[in-house]
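Written out below as structure tokens is the structure these notes cover.
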Amino acid sequence: MVFPHHASLDPAKYHRALLNTAIEAGVHVTGNCA
Numbered sequence: 381m382v383f384p385h386h387a388s389l390d391p392a393k394y395h396r397a398l399l400n401t402a403i404e405a406g407v408h409v410t411g412n413c414a
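The end of the sequence shown is residue 414 by our numbering, with every number in the run present.
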């Protein structure tokens, strides 16, 4: 997820990992609620 030569994150990979971690922790995620 981290590109050391660019000092940046891949936004899609970061979001997916964050979402997966939250779901594994038991968080209920609701989509399409805007």
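A virtual CB, placed ideally from N, CA and C, is assigned to each residue, including glycine.
Counting along the chain, N400 sits inside the alpha helix (DSSP H) bounded by residues P391 to E404. C-alpha of G411 to C-alpha of L399: approximately 12 Å in a straight line. Between the alpha carbons of V407 and R396 lies a gap of roughly 14 Å.
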